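K.L.:
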Amino acid sequence: MDTFLSLYDGFAVALTWQNLLLALAGCFLGTMMGALPGLGPANGVAILIPLAFTMKLDATAALILLTSVYYGAMYGGRISSILLNIPGDEPAMMTCLDGYPMAKAGRAGEALALSGIASFVGAFFATWGLVFLAPQLVKIALLFKPAEYFVLYTLAFATLGGIAATNQAKSAFAAALGIGIAMIGVDTQTGVQRFTFGEVHLYDGIDFLIAIVGLFALSEVFVFLEHRDPRGAEAPRETVTIGRLTAPWSMLRRCTPTMLRSTGLGFLSGVLPGAGASLGSFLAYSVEKQVVDPTGRSFGKGDPRGVAAPEAGNNAASGGALVPMLALGVPGSGTTAVLLAVLLTLNIQPGPMLFQENPDVVWGLIAALFIANFMLLALNIPMVGLFTRVLLIPTHILMPIVAMVAFIGIYSITGSTFELSMMVGFGILGWILRKFEVPLVPIILGILLGNEMEVNLRRAMTISNGEWSTLFDSWLALALWAIAIFGFVAPIFMGKRVKRRIREAEEERIGD
Amino acid sequence: MIKKIVTGGFALAVLAGLPLGATAQEFTPDQPECIAPAAAGGGWDFTCRQVARVLREGGMIDGTMRVQNLSGGGGGVAFAEVVNKRGDEDDLIVAASTATATRLAQGAYPGNTMDQVRWLGTIGADYGVIGVRPDSDFETLTDLMDVLAEDPRQVSIGGGSAIGGWDHLKVLMAAQEAGVEDLRAIKYIAFAGGGEAISQLLAGSLQAYTGDLSEAMGFVESGDLRVLAVLAPERLEGDFAEFPTAREQGLDVVGANWRGFYAPGDMSDEAYDWWVGELGALYASDAWKTVMENNGLADLDLQGDEFEEFVAGSVSEIEEISREIGLIQ
């Protein structure tokens, strides 16, 4: 088998002491950056690029360092989601939904261990997918034209009702708000400025990182300030128990089908350029919920499968995103865009010829991904105990740290104070919305996916000279429509059953 | 290999630097700084960081040039910052490109014009390319233009910039030269990057692609893209020599996506001369030749007044065509 031979050569390139050390450092730094709100994988990689150049690393070594950071950050994002209900980066958003309730129920250790293993499963199989399928997968990506992309994003929004909120109208409102925010900035299809009011800072639109850090991290700080006792003492905090630090076998067994399904979904959404890890973790979560818990009994309340699904999904997507980046030179996500820039500065032109022209780089990179994966698993499982200590830090110390990290993180990316005030604005908005019990996740999804959805619709319409039928022109589009409609309709019928069940549960409680 | 080039560049820099030191009245920046008006990873960031690296490794500068990312407004945030707050600094340069000129021409930096800053020089250019799938019926650029003149609805052209951006303007300039009357009817589809546009060309949703040579090269080598015309003044060298220019086909269009720098408007003349000389020496160094070769940058060597005129010319050309398609009033 040529593939195995090439992979063997790749390991021969990657397995040197220097490279292993770099991978270890990368994994550690990546995990830290992923865990800090604001500093996602894209920024983590971007920040370390100059370091790689100053150290005068050769192409393979530099790539090993930077991909370790990439995978590390994808692992790390879950930590603050679970412990603090603040996503470390945008794909980790879905992990909050069940991870935080688990932590509140004293199962933080289990949630962290399980999500570490789910991340490993997702990334591990996605890397195999990259090994065997990269050339074929490019053909799948080519089936997606603007019309199909539009339907794909419609599907994502249609299944939105399936997640989180008890109140569908509120989550629809939140999604609409997010799409509205996504419209700010220059409209690439006409070159016209929308909702910018002549403010040059808004011309590029609002960076979703600012929205995430504001809505999640800062609003958390505001909620804390509000509930602080007037005499300065801390509001009584729920007593924290950490529980066991590993995931029991029974839980892993129960989550295995979930992890495998989510890996497949995540990988495919990673392969599509522009969709990326956020869509991967989102689809993995909502599909998993439809499959194993259509009535909404346990998802959102600390179901381990709700932790395993998005983590396997987003890590698989990060492997999948490397397919179009390497084989087409088209980045599938923000981070792969940065990696693409790194390759270019290293004098490597990704694209159809990469596998023939620089096989040592490609296979060295793939071997590095495997190494990083095992290293991250080895690094993450024993560190669960350390991470959970965060929960023991008193809130009045933790919250100022959160605020500080949020400010530093955003300023280091944008270098401008306007964005800082915008972040505070989002924090206040998040605080108000929490009062009204409006879920925050659909807002971020609206910002992330709304633009792509609109732009692809308009591309499709321009190409077809305004014929709407172009949206139903291919079997792929029709299949996606069918799934979207099912995903939209199913929860409505299921919803009745859910309501009945909730009523029954309440009656029981009253009976107690 | 790299070491050799670096030492070569160093020797050349010393030679080039000597006479300059005398005329520039001993100006040297204390804390040289380069603003990249976008986030890390993009073209402007690349410009700052590569120049900083070559200057440092070649010993052409004392210490290191700091690179600061100041993103927002397609470069407008940085432009306003330099004009309003840092207008008299001598140690500061800012990365710029054709996109900067385009936005200045279209008034996309509100209240700012090109004469509020001093233009230093270029470090190379990426020439425009118009291409199609290998099995396309279009054999030459004129074939494509004929169809555009007849029935623009038949062809969708994709590129990596927004409407009114450089990739779009290149097609319009060619079409204008070819005598296409209704420029507004040409269907240009904007993508997030050239790579995305090419993959949609391969997927069959587009009939033609407009972009820069460096991003197109990989697809040409793999046989996925056929170049109809490169928008260079004459045939390029090396691997690029096989591509016909638009001029050869009777369309007098040159589209160079240049990369370069501007400096604060009230920079002292001594400092300005020093930076201009420095960029000239950088351009002449072997180390920079390697960077250009590796990144598909072609020759465009303009400094000082010459560059200032060049930018002015390109701003007025873009202004004219933007007015024609109704992008500005």
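Keeping their order, the protein sequence lines are chains D and E.
With the working numbering, the residue at position 416 of the first sequence is 416, and numbering never jumps.
With the working numbering, the residue at position 163 of the second sequence is 163, and numbering never jumps.
The C-beta atom is built at its ideal place from N, Cα and C for all residues, glycine as well.
Computed from a predicted model, the values in this text were never measured in an experiment.
I'd like to know whether the C-beta of residue 269 (chain D) is nearer than 8 Å to at least one C-beta of chain E.
P.N.:
Counted from its first residue, the first sequence places residue 269 (chain D) at position 269. Residue 269 (chain D) does not count as touching chain E.
K.L.:
Taking 7 Å as the limit between beta carbons, can you name the residues of its chain near residue 260 (chain D), skipping five residues before and five after?
P.N.:
Looking up residue 260 (chain D) in the first sequence gives position 260. Result list for residue 260 (chain D): empty, nothing under 7 Å.
K.L.:
Answer yes or no: does any C-beta atom of chain D fall closer than 8 Å to that of residue 156 (chain E)?
P.N.:
Within the second sequence, the letter at position 156 stands for residue 156 (chain E). Chain D contact via Cβ: present.
K.L.:
Whose C-alpha, out of D:27, D:384, D:132, D:151, is nearest the C-alpha of residue 363 (chain D)?
P.N.:
On the first sequence, residue 363 (chain D) is found 363 positions in, with the first residue counted as 1. Ranking the options by Cα distance to residue 363 (chain D), first place goes to D:132.
K.L.:
In chain D, which residues lie less than 7 Å from residue 70 (chain E) when you measure between Cβ atoms?
P.N.:
Here residue 70 (chain E) refers to the residue found at position 70 of the second sequence. Ordered by position in chain D, the residues that pass the 7 Å Cβ test against residue 70 (chain E) are 415, 416.
K.L.:
For residue 189 (chain D), return the contacting residues in chain E, with the cut-off set at a CB-CB distance below 7 Å.
P.N.:
Residue 189 (chain D) sits at position 189 when you count from the first residue of the first sequence. Under the 7 Å cutoff, chain E gives 163, 190.
K.L.:
On the criterion of 16 or more Cβ atoms from any shown chain inside 10 Å, does residue 479 (chain D) qualify as buried, or is it exposed?
P.N.:
Here residue 479 (chain D) is taken as the residue at index 479 of the first sequence, counted from 1. When all chains shown are included, residue 479 (chain D) counts as exposed.
K.L.:
Roughly how many angstroms separate the alpha carbons of residue 268 (chain E) and residue 187 (chain D), rounded to a whole number?
P.N.:
Along the second sequence, read from residue 1 onward, the residue named residue 268 (chain E) stands at position 268. Along the first sequence, read from residue 1 onward, the residue named residue 187 (chain D) stands at position 187. Answer to the nearest angstrom: the Cα atoms are 39 Å apart.
K.L.:
Could one say the Cβ of residue 48 (chain D) lies closer than 8 Å to chain E's Cβ atoms, at least one of them?
P.N.:
Residue numbering aside, residue 48 (chain D) sits at position 48 when the first sequence is read from its first letter. Closer than 8 Å: no.
K.L.:
Among the candidates D:106, D:484, D:432, D:118, whose CA atom is the shortest distance from the CA of residue 287 (chain D)?
P.N.:
For the purposes of this step, residue 287 (chain D) is taken as the residue at position 287 of the first sequence. Per the Cα distances, D:484.
K.L.:
Tell me the start and end of each unbroken beta strand (DSSP E) in the stretch 42–114 of chain E that is at least 3 residues and wholly inside, in chain order.
P.N.:
Correct list: 66–69, 92–97.
K.L.:
How about residue 69 (chain E) and residue 415 (chain D): do their beta carbons lie closer than 8 Å?
P.N.:
Translated into positions along the second sequence, residue 69 (chain E) becomes position 69. Translated into positions along the first sequence, residue 415 (chain D) becomes position 415. Going by C-beta atoms, residue 69 (chain E) is nearer than 8 Å to residue 415 (chain D).
K.L.:
Pairs of beta-carbons, one from the stretch 96–115 of chain D and one from the stretch 299–315 of chain D, closer than 8 Å: are there three or more?
P.N.:
With the cut-off at 8 Å, the stretch 96–115 of chain D and the stretch 299–315 of chain D touch.
K.L.:
Determine, for residue 203 (chain D), whether the minimum Cβ-Cβ distance to residues of chain E falls below 8 Å.
P.N.:
Against the first sequence, residue 203 (chain D) aligns to sequence position 203. Chain E contact via Cβ: present.
K.L.:
So, using beta-carbon positions, are residue 284 (chain E) and residue 124 (chain E) closer together than 8 Å?
P.N.:
For the purposes of this step, residue 284 (chain E) is taken as the residue at position 284 of the second sequence. For the purposes of this step, residue 124 (chain E) is taken as the residue at position 124 of the second sequence. It is not a contact, given that the beta carbons lie outside the stated cut-off.
K.L.:
Counting only Cβ-Cβ distances shorter than 9 Å, please list the residues of the stretch 200–223 of chain E near chain D, keeping chain order.
P.N.:
Cβ contacts with chain D come from 200, 202, 203, 204, 205, 206, 214, 215, 217, 218, 219, 221, 222, 223.
K.L.:
Strictly under 8 Å for the Cβ-Cβ distance: is residue 194 (chain D) near chain E by that measure?
P.N.:
Locating residue 194 (chain D) in the first sequence gives position 194, counting from the first residue. Residue 194 (chain D) does not count as touching chain E.
K.L.:
Have a look at E:103, E:237, E:61 and flag the residue whose alpha-carbon is nearest the alpha-carbon of residue 200 (chain D).
P.N.:
Residue 200 (chain D) sits at position 200 when you count from the first residue of the first sequence. Closest option to residue 200 (chain D), Cα to Cα, is E:103.
K.L.:
At a CB distance below 7 Å, what residues from the stretch 359–382 of chain D approach chain E? Give them in sequence order.
P.N.:
Answer in chain order: no residues at all.
K.L.:
Please classify residue 315 (chain D) as buried or exposed, where buried requires at least 16 other C-beta atoms within 10 Å of its C-beta.
P.N.:
Here residue 315 (chain D) refers to the residue found at position 315 of the first sequence. That one is buried.
K.L.:
Which chain D residues sit within Cβ distance under 8 Å of residue 109 (chain E)?
P.N.:
Residue mapping note: residue 109 (chain E) aligns to position 109 of the second sequence, counting from 1. Within 8 Å Cβ-Cβ: 200.
K.L.:
Assuming contact is defined by CB atoms lying nearer than 8 Å, are residue 95 (chain E) and residue 64 (chain E) in contact in what I supplied?
P.N.:
By one-based count along the second sequence, residue 95 (chain E) stands at place 95. By one-based count along the second sequence, residue 64 (chain E) stands at place 64. Their beta carbons are not under 8 Å apart, which means residue 95 (chain E) does not touch residue 64 (chain E) by this criterion.
K.L.:
Check the Cβ-Cβ distances between residue 292 (chain D) and every residue of chain E, and say whether any is below 8 Å.
P.N.:
Reading the first sequence from its first residue, position 292 is the one you call residue 292 (chain D). With 8 Å as the cut-off, residue 292 (chain D) does not count as an interface residue toward chain E.
K.L.:
Over the uninterrupted beta strand (DSSP E) stretch that includes residue 258 (chain E), give me the two end residues.
P.N.:
Within the second sequence, residue 258 (chain E) is the residue found at index 258, counting from 1. Residue 258 (chain E) -> beta strand (DSSP E) spans 256–264.
K.L.:
Locate the alpha helix (DSSP H) running through residue 122 (chain E), then write down its first and last residues.
P.N.:
For the purposes of this step, residue 122 (chain E) is taken as residue 122 along the second sequence, with counting starting at 1. First-last for residue 122 (chain E): 117–132, but that is the beta strand (DSSP E), not the alpha helix (DSSP H).
K.L.:
Tell me which residue opens and which closes the alpha helix (DSSP H) that residue 317 (chain D) is part of.
P.N.:
Sequence index remark: in the first sequence, residue 317 (chain D) carries index 317 (1-based). Here the alpha helix (DSSP H) through residue 317 (chain D) covers 304–320.
K.L.:
Which of the residues in the stretch 447–475 of chain D, read from start to end, lie with their CB under 7 Å from any CB of chain E?
P.N.:
Residues passing the 7 Å Cβ filter: 459, 462, 463, 465.
K.L.:
For residue 58 (chain E), tell me which candidate among E:193, E:147, E:83, E:281 has the shortest Cα-Cα distance.
P.N.:
For the purposes of this step, residue 58 (chain E) is taken as the residue at position 58 of the second sequence. Ranking E:193, E:147, E:83, E:281 by Cα distance to residue 58 (chain E) puts E:281 first.
K.L.:
Residue 187 (chain E) versus chain D: which residues are under 9 Å apart at the beta carbon?
P.N.:
Taking the first residue of the second sequence as position 1, residue 187 (chain E) is located at position 187. In chain order: 462, 463, 465.
K.L.:
Between the stretch 76–91 of chain D and the stretch 51–67 of chain D, do at least 3 Cβ pairs fall closer than 8 Å?
P.N.:
Contact between the stretch 76–91 of chain D and the stretch 51–67 of chain D is absent, because fewer than three Cβ pairs lie under 8 Å.
K.L.:
Check the Cβ-Cβ distances between residue 435 (chain D) and every residue of chain E, and say whether any is below 8 Å.
P.N.:
The residue labelled residue 435 (chain D) in the question sits at position 435 within the first sequence. Not closer than 8 Å to any Cβ of chain E, the Cβ of residue 435 (chain D) fails to qualify, so no.
K.L.:
Can you name the start and end residues of the alpha helix (DSSP H) that residue 210 (chain E) belongs to?
P.N.:
Taking the first residue of the second sequence as 1, we reach residue 210 (chain E) at position 210. Segment 208–212 is the beta strand (DSSP E) holding residue 210 (chain E); no alpha helix (DSSP H) there.
K.L.:
At 4 residues or longer, and completely inside the stretch 143–199 of chain E: list those alpha helix (DSSP H) runs for me, N to C.
P.N.:
List check, alpha helix (DSSP H) in window: 166–177.
K.L.:
Using 8 Å as the threshold, is the stretch 7–23 of chain D in touch with the stretch 360–376 of chain D, meaning 3 or more CB pairs across them?
P.N.:
Contact between the stretch 7–23 of chain D and the stretch 360–376 of chain D is present, because at least three Cβ pairs lie under 8 Å.
K.L.:
Please state whether DSSP places residue 105 (chain D) in a helix, a strand or coil.
P.N.:
The sequence position of residue 105 (chain D) within the first sequence is 105, counting from 1. If DSSP states are grouped into helix, strand and coil, residue 105 (chain D) belongs with coil.
K.L.:
Hey, quick one: how far does the alpha helix (DSSP H) through residue 366 (chain D) stretch, first residue to last?
P.N.:
In the first sequence, residue 366 (chain D) corresponds to position 366, counting from 1. Where residue 366 (chain D) is concerned, the enclosing alpha helix (DSSP H) stretches over 359–388.
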